[in-house]
Each structure stands twice: as structure tokens, then as C-alpha cells.
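Asker: First residue of the sequence shown? That's 1 in the UniProt record's numbering, and the numbers climb one at a time after it. Using N, Cα and C, we set each Cβ at its ideal position, and we do this for glycine too.
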Amino acid sequence: MEKANPEQVGDCPDRPPYELLLICPSGLSPSQVSVVFDEAYDRIPHPAIDLENSVSEIWDLRVQQNSSLFNGKKFRYGGQALLSGADSNYLPRVCLHLGLTDYRIFVGTNLNPMWEKFLVPSEGKVASDCNIFYKGMFSTLCIDSGLPTDNDCRKCQHTSSPLGNGAVVETSDKKILVLQRSYNVGEFPGHYVFPGGHPEPEAVGIVSHQYEKDSNNAELISNRISQEMFDSIIREVVEEIGVPATTLVMLLLTVSRDDVTCNPDFIGISRRDLNVRPTAFFFIKCNLQSKEIQQFYSRAQDGYESTQLYTVSMNDLEIMAPKMPGCHQGGFALYKLMVEAAKDT
Numbered sequence: 001m002e003k004a005n006p007e008q009v010g011d012c013p014d015r016p017p018y019e020l021l022l023i024c025p026s027g028l029s030p031s032q033v034s035v036v037f038d039e040a041y042d043r044i045p046h047p048a049i050d051l052e053n054s055v056s057e058i059w060d061l062r063v064q065q066n067s068s069l070f071n072g073k074k075f076r077y078g079g080q081a082l083l084s085g086a087d088s089n090y091l092p093r094v095c096l097h098l099g100l101t102d103y104r105i106f107v108g109t110n111l112n113p114m115w116e117k118f119l120v121p122s123e124g125k126v127a128s129d130c131n132i133f134y135k136g137m138f139s140t141l142c143i144d145s146g147l148p149t150d151n152d153c154r155k156c157q158h159t160s161s162p163l164g165n166g167a168v169v170e171t172s173d174k175k176i177l178v179l180q181r182s183y184n185v186g187e188f189p190g191h192y193v194f195p196g197g198h199p200e201p202e203a204v205g206i207v208s209h210q211y212e213k214d215s216n217n218a219e220l221i222s223n224r225i226s227q228e229m230f231d232s233i234i235r236e237v238v239e240e241i242g243v244p245a246t247t248l249v250m251l252l253l254t255v256s257r258d259d260v261t262c263n264p265d266f267i268g269i270s271r272r273d274l275n276v277r278p279t280a281f282f283f284i285k286c287n288l289q290s291k292e293i294q295q296f297y298s299r300a301q302d303g304y305e306s307t308q309l310y311t312v313s314m315n316d317l318e319i320m321a322p323k324m325p326g327c328h329q330g331g332f333a334l335y336k337l338m339v340e341a342a343k344d345t
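1. For Phe282, does the three-state DSSP call read helix, strand or coil?
2. With Val107 as the anchor, note down where its alpha helix (DSSP H) starts and where it stops.
3. In the DSSP assignment, find the unbroken alpha helix (DSSP H) run with Leu337 in it and report its ends.
4. Is there contact here, the region 64-81 with the region 97-108, by at least three beta-carbon pairs under 8 Å?
5. With distances taken between CB atoms, is the gap from Ser67 to Phe106 smaller than 9 Å?
6. On the CB-based measure, 16 or more other CB atoms within 10 Å of its CB, does Glu318 come out buried or exposed?
7. Quick check on the DSSP output: the alpha helix (DSSP H) that includes Ile49 runs from which residue to which?
8. What residues in its chain sit with their C-beta under 7 Å from that of Ser182, if we drop five residues either side in the sequence?
9. Could you pull out every unbroken beta strand (DSSP E) segment of at least 3 residues lying fully inside the region 283-312, listed in chain order?
10. Return the Cβ separation of Ala167 and Ile293 in integer angstroms, given the expectation that the two are a contact with Cβ distance under 8 Å.
11. Which of helix, strand or coil does DSSP assign to Pro322?
12. Note down the Cα distance separating Gln80 from Ile44, rounded to an integer number of angstroms.
13. Closer than 9 Å, CB to CB, is Asp173 near chain B or not?
14. Among the candidates Ile23, Ala333 and Tyr103, whose CA atom is the shortest distance from the CA of Pro201?
15. With which residues is Tyr77 paired in a DSSP beta bridge?
16. For a quick check, are the C-beta atoms of Ser34 and Leu91 less than 9 Å apart?
17. State the start and end residues of the unbroken beta strand (DSSP E) segment that holds Arg272.
18. Does the separation of the CB atoms of Ile241 and Leu179 fall below 9 Å?
19. Roughly how many angstroms separate the alpha carbons of Pro25 and Asn223, rounded to a whole number?
20. Name, in chain order, the residues that DSSP records as bridge partners for Ala167.
21. Tell me, which residues are paired with Ser34 by DSSP?
22. Return the CA-CA distance between Phe70 and Val55, expressed in angstroms with no decimal places.
23. Suppose you measure from the CA of Ala341 to the CA of Tyr335; what does that come to, to the nearest Å?
24. Counting along the chain, where does the beta strand (DSSP E) carrying Pro181 start and finish?
25. Distance, Cα to Cα, Leu274 vs Ile267?
26. Do Pro195 and Val169 have their C-beta atoms within less than 9 Å of each other?
27. Would you mind sorting Thr246 into buried or exposed? The rule is 16 or more other CB atoms within 10 Å of its CB.
28. What is the residue span of the alpha helix (DSSP H) that Cys24 lies within?
29. Looking only at DSSP bridge pairs, what is Gly196 linked to?
30. According to DSSP, is Leu220 helix, strand or coil?
31. State the Cα-Cα distance for the pair Phe281 and Glu52, rounded to the nearest angstrom.
32. Which whole-angstrom value describes the C-beta separation of Asp173 and Gln295, a residue pair presumed to lie in contact below a C-beta threshold of 8 Å?
33. Is Gly108 closer than 9 Å to Cys327 when the C-beta atoms are compared?
34. Please report the distance separating the alpha-carbon of Thr171 from that of Thr311.
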């Protein structure tokens, strides 16, 4: 079992604006990622009546200001369980714990001007565990960040915490795709971001927890959600960048994994400090060159969400990263850990 270097995740006096909740530097394939979908991972209403009432008040105000707002369902991040084996040929696995939330609750809790009041305070300054998969093994990195050990999800139990997704997309000429967000979007207008969005419950027919009462249906639904984690990020890249899904090529993994192929690769979960929003990140290779991708971008379905597409080197990305939302800065940190891990194989 290996211990990661705390400096790798930014544990320094100048603390970054994100936390890495799960680190998978070697990348996980769909067969290594499962899901438990259960109402046990839903949001718990806040006991303070006035604060809880502010959720509806803020949403109603937003709807008055913008009648086109739509209250869609989202998966709620509730942590994960990790499995690893002593056998070096054993593929590590992660099981994501997901509940159900919606955009209204997200606006009323995470985006609430009083969002910090929804957080459960820690009992003293103690270490927080960051889960790491590396070279087929699991280890825990303790980060002195003031969070309760092994109970991080309790901190956010009163927030919506929808699980977003983001993709670090590498072109055939070894550039990384970065978007500049439109100034008309709700969150972080004008900022640099990786392409991404959310896995969608309705894409797999989920509008409630009604299926959980039947164990056969529950297993089927969990399998569909697990696949949606990977399908949705491909969908987001296609819609935001404009490239055909067929150009997002299969990625050859390490020899120790018997030439398993997978695209995309799940590389971890980042959560920004501001609004405590979690995002799952993936690494994807595109078989097009930068100039070709720019041509597709001009016809992208969701091109209105961004004003420009950049194809940048690692050095350029280092310069742009501080102008990203915290969760996407965390995505860049996950990507750098993946690059470093690849050098060791």
C-alpha cells in the first residue's frame, strides 16, 4: 500500500479552492465503477426553519426574474465505498453513493447567499481522508483541512450537492480542450472550464426512488446509473465541443491491466470550496487535431454556453487554471496526478 505525497494535492499554506475527494491516477473503466442509488443519500432538510424556508423563497425569486428556469432532477453525491485486493492483478473498484436532488434545491442551498449556514460544522480541527487508487492499490491520504475524518458527507448533508461532471480532453496533437464560458450563464460567467455538465437521472428513466422497493429493479437501475456516469460525459463533450462521438477514441490502459480498453477514464472527484459543489472528472482522448476540432466547435449544439474554445499545452493550462472554478482547478490537479502516474508505469 502506497502513501501519496500531501504536496500532490495542494496541502500547503496557500490552500487551493478545492478538495480532492477521490483520486484515481491510473483511471477507472466502467466495469470498475458501480453505483448504489438510495434515498439514504438524499439531502436532509435543515432543522432551522427560517433557513430551510429560504430555499423556496430564493427559487421563487429566481423564477420571477427568469420564467424559463426549469427544475430538473440531478443525482446527489453522497460519498463512495472503495474495494481493493491484495493480488496485484486485482482491478480496484469504487462504488459511488448517489441520492436524488433537483435544480431548485441546488439554487436554494448551494447557491444560497447563506450557503455556509447549511454546512454542518466540524468538531475541532481534525484530518480529512482523501481516497486514492494508485497502481491497483488503495491508500488514504490524510489532509489537515479541518474536516471531520471519515464523515465528510455529514458536512454537506443539508445541501443539494448535485454531482457534476467534467472532461479533460486530449487531442491527437497533445493539446487539452478548454472553454471560456459565456457571460450569459448562471455560474462563473467568463471563466475557463473543461467541457462538462451533469449525468442526468431522466436519461435513465429516473424521476423518484420508486424502483428501490423491488431488489431486481434496484440493481437494474443502479447499473444504468453507473453507465450514465460515462455516457453523460461523452454526451457533454459532443454537445459543447461539437465533435462526433466516434472521434472520442478508445484509450489503451496499462499493460498490467491485460490491454483493457476504455474511454473515458474516470480519474476522480473534486469539490470546490465555494458552494461545496462536487464534480466527477474523466480523461478522454480525441483522434482529431486541434484545427479540426475548432471547425466542429463552430457548429456545436450547446455552443451558446461558451464564447471560445482553446486548445492548450500543459504549460498554458497551468496559467489558465487559476481562472477556473475551484472544482475545475481540482480537475486539473487530478489530470496532473494521472500524468505523473503514467510516468511511473
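Answerer: Based on what the coordinates show:
1. strand
2. Tyr103 to Gly108
3. Gly326 to Lys343
4. yes
5. no
6. exposed
7. Ile49 to Gln65
8. Pro189, Tyr304, Glu305, Ser306 and Thr307
9. 306-312
10. Actually they are not in contact, since the Cβ atoms of Ala167 and Ile293 sit about 13 Å apart, beyond 8 Å.
11. helix
12. 18 Å
13. The structure shown contains no chain B, having only a single protein chain.
14. Tyr103
15. Leu98
16. no
17. Asp265 to Arg272
18. yes
19. 24 Å
20. Phe282
21. Cys95
22. 15 Å
23. 10 Å
24. Reading the sequence as shown, one finds Arg at residue 181 and not Pro. That run of the beta strand (DSSP E) goes Ile176 to Arg181.
25. 22 Å
26. yes
27. exposed
28. Here Cys24 belongs to no alpha helix (DSSP H); instead the beta strand (DSSP E) covers Tyr18 to Leu28.
29. Gly166
30. helix
31. 31 Å
32. Not quite, the Cβ-Cβ distance comes to about 14 Å (not below 8 Å), so this is no contact.
33. no
34. 8 Å
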